[in-house]
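Step one of this worksheet: look at the structure below.
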Amino acid sequence: MQKLTFPRMGESWRTFKMLLEDLGNEVVVPPRPSKRTLDLGVRYSPEFACFPLKILTGTYLEAIEMGADTIVTSGGIGPCRAGEYAMLHHKILADLGHNIKMVVFEPPRFYPFNFIKNVYILNRARHSIRGIIALIKKAWRKLQALDNAEKLSHVIRPRELITGTTTRVYRKGLEWIDQAYTNEQIIDAETAALEALRNVPQNPEAEVLRVGIVGEIYVLLEPASNLEIEETLGNLGVEVERSMFLTGWTRDNTWTETTEGMTVKAAAEPYLPELVGGHGRDSIGNTILCAKRGFDGMIQLAPFTCIPEIVARTILPKVSRDYDIPVLTFFLDEQTGKAGMTTRLEAFVDLMRRKKHFRQGNGLLTG
Amino acid sequence: MAVKVGIPSALLYYTYYPLWRAFFNEIGVQVVTSGRTTKNILDKGVREALADACVPIKLFFGHVMEIKDQVDYLYIPRVVCLNGKTIYCPKFLGLPDMIRHSLSNIPPVIDVRMDTRQGRFSLIKAYQELGARFGASKNSTLLAYCKARLVLIRYMSLLRKGLTPAEALSLLDKPGQSKIAAPPKTNLRFAVVGYPYAIYDSFISVNLLGKLRKLGVSVLTADNINPFLLTLQNNCHLPKRLFWTFSDIALKAAHFVFRHGRVDGVLHLTAFGCGPDSLVNKLIELESKKHREIPFMTLMIDEHTGEAGMATRLEAFVDMVRRRKEARLCKS
Ligand code: SF4
Ligand code: SF4
Numbered sequence: 001m002q003k004l005t006f007p008r009m010g011e012s013w014r015t016f017k018m019l020l021e022d023l024g025n026e027v028v029v030p031p032r033p034s035k036r037t038l039d040l041g042v043r044y045s046p047e048f049a050c051f052p053l054k055i056l057t058g059t060y061l062e063a064i065e066m067g068a069d070t071i072v073t074s075g076g077i078g079p080c081r082a083g084e085y086a087m088l089h090h091k092i093l094a095d096l097g098h099n100i101k102m103v104v105f106e107p108p109r110f111y112p113f114n115f116i117k118n119v120y121i122l123n124r125a126r127h128s129i130r131g132i133i134a135l136i137k138k139a140w141r142k143l144q145a146l147d148n149a150e151k152l153s154h155v156i157r158p159r160e161l162i163t164g165t166t167t168r169v170y171r172k173g174l175e176w177i178d179q180a181y182t183n184e185q186i187i188d189a190e191t192a193a194l195e196a197l198r199n200v201p202q203n204p205e206a207e208v209l210r211v212g213i214v215g216e217i218y219v220l221l222e223p224a225s226n227l228e229i230e231e232t233l234g235n236l237g238v239e240v241e242r243s244m245f246l247t248g249w250t251r252d253n254t255w256t257e258t259t260e261g262m263t264v265k266a267a268a269e270p271y272l273p274e275l276v277g278g279h280g281r282d283s284i285g286n287t288i289l290c291a292k293r294g295f296d297g298m299i300q301l302a303p304f305t306c307i308p309e310i311v312a313r314t315i316l317p318k319v320s321r322d323y324d325i326p327v328l329t330f331f332l333d334e335q336t337g338k339a340g341m342t343t344r345l346e347a348f349v350d351l352m353r354r355k356k357h358f359r360q361g362n363g364l365l366t367g
Numbered sequence: 001m002a003v004k005v006g007i008p009s010a011l012l013y014y015t016y017y018p019l020w021r022a023f024f025n026e027i028g029v030q031v032v033t034s035g036r037t038t039k040n041i042l043d044k045g046v047r048e049a050l051a052d053a054c055v056p057i058k059l060f061f062g063h064v065m066e067i068k069d070q071v072d073y074l075y076i077p078r079v080v081c082l083n084g085k086t087i088y089c090p091k092f093l094g095l096p097d098m099i100r101h102s103l104s105n106i107p108p109v110i111d112v113r114m115d116t117r118q119g120r121f122s123l124i125k126a127y128q129e130l131g132a133r134f135g136a137s138k139n140s141t142l143l144a145y146c147k148a149r150l151v152l153i154r155y156m157s158l159l160r161k162g163l164t165p166a167e168a169l170s171l172l173d174k175p176g177q178s179k180i181a182a183p184p185k186t187n188l189r190f191a192v193v194g195y196p197y198a199i200y201d202s203f204i205s206v207n208l209l210g211k212l213r214k215l216g217v218s219v220l221t222a223d224n225i226n227p228f229l230l231t232l233q234n235n236c237h238l239p240k241r242l243f244w245t246f247s248d249i250a251l252k253a254a255h256f257v258f259r260h261g262r263v264d265g266v267l268h269l270t271a272f273g274c275g276p277d278s279l280v281n282k283l284i285e286l287e288s289k290k291h292r293e294i295p296f297m298t299l300m301i302d303e304h305t306g307e308a309g310m311a312t313r314l315e316a317f318v319d320m321v322r323r324r325k326e327a328r329l330c331k332s
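Sequence lines, in order, name chains W and C. The opening position of the first sequence corresponds to residue 1 in the UniProt record's numbering, with each subsequent residue numbered one higher. The opening position of the second sequence corresponds to residue 1 in the UniProt record's numbering, with each subsequent residue numbered one higher.
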């Protein structure tokens, strides 16, 4: 029987594991990227490959050690490198003597047959089409539950009384959701997890800064690749709002501050009207939207040599000036150290805090 | 006085400048270029551009800085796709925006969008838009465009014969007056693959082509290969075509020369921090492993690449190839 593995992005593996198992496959859960993963990835990837590609190379090699022989991943048609990842990984692994099967999902709109073929390959249990759709819906629900728990943890963490409680409760909640296998169980587990998070003892007077996080999807979604920046920020008293979740940009809870219904694309238009691949345009657009919503600052996360984010980073200083919002960029690679990052974050938080006080002070004087 | 449009001598300049110049001249617009790359230009670029950008982009910034005060407009088209299939590096796609929003005191940027995936006439439309901006009538714009295309065809055929862009340009300017030196007698032939804006910029490539000539090596680049032969390479055994134009060409050229190029060595010139090249280089390297009889070397350039280091590496490589070739000739 084929043993499947897939790219790991944050906690989403819990969903993919469930879905692939439901379809009747044996799954090797990709391990959380560690120092060893990075070392392997760096050793066997091209030197200037983007950081996500390197981590994935390492992850795949580790999963292969654990017995995986098939990789399920996504393709894409550009304009960025991510679309070519699968092919390059295949070549790299073959060069190392691993005969791995790749199941690459291309955008169904351009390659409808590819999609059907892949589903057919993965559908070991021979579910009916309706059965598959139900399974995908359930998986989607689980993904939403995971995302919702994560979002709430970002809100609670900066307000917690005892450092570390939120993370602990959040981890527990993840396990609950992980153990839920039916729609009802998933909803129950989600409710319980959110409830537990809300019950974390909080300091109502905590002065909380709000920071938006934009950038390339992989480093945004995989905490091991961004050195748990969200947790670090939370502990510094910052509520983060990440611009990207696998389940998408949820409109309802983001438009409470302004009635101006503007899409990310429209916001970015005056600065970068072109889709430059990856999420370069979104980084610009979301920075503008967050500025309009009164955020205290923005953080851009990008892999070293990331093309779209380099384009975005070149333009962001202007946006930052025009909208008066501080922006801090991290280009991440295997050499990025946590200590250095924390120092820069502390300085940034300091700057935002002073700026905020200054503004409030001003408000008093003129008001 | 005629309006002056500045065209930075970097990136697409090496491929499309003759067309652009002919077009602008036809509609009565004067064209100013920033000339050859100099240390000064590079320094300006390094200062203005993002440190994490690749050298060619930094150079482009430098070239813009060089001409920005002499012209009324900067011509930085947003070239997305010219063959209906492959697009350009995302940095090309965002080029006008990067320039506009990160340099201050620059003249207005003309950034017509060229994307042939949007219909057969989209290119003509793009040039009509350009013509209209400078008050040329529809008909004269169309005529200018057709004439310019002819110039481009001539230019490409000159490149195919082995002329460098600079030589081809001077020949276009003064036809008949060919002062191009006959190629020296050489006994080695190398293929140099990479992006035109790196290979032909003799400053940033540390005069790679010149050095090879001096070492008695004749050079084959992707421009010397009939495009039809490149198309025949299909997708180079990849499930999908590479989606960046220049990278696609470079990879196909590499495949072609490894198989039928009758070359003694292959060089891949790549820029530090280039995104697409991290892939292209690996793919070429994997291909080279299948052709052990043709030595392969990657040359990486960045803003600090030194004359001496490059010369040493090249000499060593050429020596190695030469010795191997002699050994093989002796054996047979
Ligand atoms: S968006 Fe950045 S990290 Fe992702 S494939 Fe493109 S260059 Fe690599
Ligand atoms: S293809 Fe490479 S060298 Fe050229 S602009 Fe893009 S990143 Fe830079």
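For each residue, glycine too, the CB sits at the ideal point set by N, CA and C.
- Pairing residue 88/C with residue 148/W, the inter-Cα distance amounts to about 38 Å.
- Of the heavy atoms belonging to ligand 2, at least one sits nearer than 7 Å to the Cβ of residue 92/C.
- Using a Cβ-Cβ cut-off of 8 Å, residue 80/W counts as an interface residue toward chain C, since at least one Cβ of chain C sits closer than that to its own.
- Judged by pairs of C-beta atoms under 8 Å, the stretch 290-303 of chain C touches the stretch 55-64 of chain C, as three or more such pairs exist.
- Less than 8 Å divides the Cβ of residue 37/C from the Cβ of residue 59/C.
- Residue 197/C is bridged by DSSP to nothing; it lacks a bridge partner.
- For residue 101/C, the uninterrupted alpha helix (DSSP H) segment begins and ends at 95-102.
- Secondary structure of residue 296/C (DSSP, three-state): strand.
- Under the 8 Å Cβ criterion, the stretch 1-13 of chain C counts as touching the stretch 65-79 of chain C, having at least three qualifying pairs.
- Sequence-distant Cβ neighbours of residue 86/C in its own chain, meaning closer than 8 Å and more than five residues away, are 241, 242, 243, 244, 245, 248.
- Between the C-alpha atoms of residue 197/C and residue 270/C there is a straight-line separation of about 11 Å.
- Following the DSSP letters along the chain, one finds residue 271/C inside the beta strand (DSSP E) bounded by residues 265-271.
- Taking all protein chains in view, the Cβ of residue 83/C is surrounded by fewer than 16 other Cβ atoms within 10 Å, so the residue is classified as exposed.
- Counted as a single uninterrupted DSSP element, the alpha helix (DSSP H) harbouring residue 145/C occupies residues 138-160.
- Taking the CA atoms as reference points, residue 265/W sits about 18 Å from residue 310/W.
- Residue 327/W has its alpha-carbon roughly 23 Å from the corresponding atom of residue 159/W.
- No Cβ of chain C is located within less than 8 Å of the beta carbon of residue 240/W.
- Spatial neighbours of residue 123/W in its own chain (CB-CB distance under 8 Å, excluding positions within 5 residues in sequence) are listed in chain order as 23, 24, 132.
- Per DSSP, the beta bridge partners of residue 4/C are 30/C.
- Residue state for residue 100/W is assigned as coil, using DSSP reduced to three classes.
- When secondary structure is reduced to three states using DSSP, residue 111/W falls in the coil class, being assigned neither helix nor strand.
- Within chain C, the C-beta atoms nearer than 8 Å to that of residue 87/W come from 238, 239, 240, in chain order.
- If you look at residue 16/W, you'll find it isn't in any beta strand (DSSP E); it sits in the alpha helix (DSSP H) that goes 13-22.
- Taking non-hydrogen atoms of ligand 2 into account, the C-beta of residue 24/C is found less than 7 Å away from none of them.
- For the set 32/W, 27/W, 103/W, 128/W, the Cα lying nearest the Cα of residue 67/W is the one of 27/W.
- For residue 277/W, the shortest separation between its Cβ and any heavy atom of ligand 2 does not lie below 7 Å.
- Here the alpha carbon of residue 351/W sits roughly 52 Å from the alpha carbon of residue 116/W.
- Straight-line measurement puts the Cα of residue 56/W at about 27 Å from the Cα of residue 173/W.
- The three-state reading of DSSP puts residue 159/W in helix, counting H, G and I together.
- Under the DSSP definition of a beta bridge, residue 191/C partners with 220/C, 266/C.
- Judged by DSSP in its simplified three-state form, residue 52/C adopts coil rather than helix or strand.
- Going by beta carbons, residue 143/W and residue 15/W fall inside the 8 Å limit.
- Secondary structure of residue 174/C (DSSP, three-state): coil.
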